[in-house]
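A quick write-up on the structure given underneath.
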Amino acid sequence: MDNTDPADAVSHGAAFALLGNETRVAILRELWETATEGPMPFSELRERVGMRDSGQFNYHLTKLTGTFIRKVDPEDDEEGEGGYVLRFAGIAVVGAILSGMYQQAGFDEPVPVDGECPRCGGALDLEYEDERANLSCRDCGNFTLQSNIPAGVFSQYDREATPEVFDRWMRAQVDQIAAGFCMLCQGKTTFTVLLGAHTGADWAEEDEALVEYECERCGATLYASVTEMLTRHPAIVSFYHDHGADVRDEPTWGLDWLLDEVAVVTEDPLTVSFDVTVDDETLRLTVDDQLTVVAEERLPAEQARA
Ligand SMILES: [Zn+2]
Ligand SMILES: [Zn+2]
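Take the position in the sequence shown, starting the count at 1, then add 603; the result is the number in my numbering.
The structure is reproduced here in structure tokens:
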């Protein structure tokens, strides 16, 4: 296997320059739409794209072939015709166009959120401007979820559903990073739990435990709370289940314990603990710097608060 890092292997300027033409984008979209029909013969593709001049069309097609499109010879085609198919890079380009990645987007008015601020009980709303979503509390200003998000994520939903859609999308991003893939470049991510003083996060409290994710390829660094990274840990899922609830059904703003303080148990090696309370019972989890649960205890909520 060739282990060359793709970031070094190709000229991206050259690859993107190939797409700077409407006909070429139209070719990629036609191949996307007919992907299940097998390789698309030259003349059929030309007709679908609506270009009369065969020489001109061939010029554009040749430019895309290799990087975004693959030519299939008749002997390699079940139908015996041969033609053109999208390469993975071509699929990714059309996918990004469909996701609204290159579209400017925003909402005219904030969308009210079903639920209340976990800090103050106030009203929450979702604003979306310049492809950036911001779900926050109008009253206390102490609760905010924000992220860049492509327009296509919202475009298939009713307006009232967008806060819940935003929350699910954010969790999917977190899951991707937790699984070890950078959400920007798909590079390998590693993480560790650190105290704020030992991170580059200048907004963090010195003794605040944070999970620091770093991409080994592009260097992107991302911080998450210990609690949000463990929302779906089996210990928490089963604790909710024992109380007749499903933690996966709760939006982020419905889990007030996500915001509770994470206590430092030992500094070296670092272990931290936090409480999850449902009804009258508290689950106290202690985790190490790799988010492995090292101790687990259930106690009456009253005793936990004491
Ligand atoms: Zn609030
Ligand atoms: Zn990366």
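We put the CB at the ideal spot given by N, CA and C, even for glycine.
Under DSSP, the beta-bridge partners assigned to I672 are T668 and L689. Here V777 is not bridged, per DSSP, to any residue. One residue list follows from the rule of a beta carbon closer than 6 Å to any heavy atom of ligand 1, given in chain order as C720, R722, C723, G725, C740, D742, C743, N745 and F746. Not one heavy atom of ligand 2 sits closer than 7 Å to the Cβ of G783.
Short note on A909: C-beta not closer than 7 Å to any heavy atom of ligand 2.
Taken through DSSP and simplified to helix, strand or coil, L862 comes out as helix. If you check the C-beta of L825 against ligand 2, you find no heavy atom less than 7 Å away.
Nearest to Q906 by alpha-carbon distance, out of Q893, T895 and T880, is T880.
DSSP places Q659 in the helix class (H, G or I) of the three-state scheme.
In this structure, R820 has its beta carbon less than 7 Å from a heavy atom of ligand 2. Residue pairing by DSSP puts E899 in a beta bridge opposite L888.
Remark: three or more beta-carbon pairs, one from each stretch, lie closer than 8 Å, so the stretch 727-734 and the stretch 710-719 are flagged as touching. Counting only the Cα atoms, C818 lies some 40 Å from L648. Here L701 carries a helix assignment [DSSP, helix/strand/coil]. Cα atoms of R771 and A838: separation of roughly 21 Å, rounded to the nearest angstrom. Here DSSP, grouped into helix, strand and coil, assigns E815 to strand.
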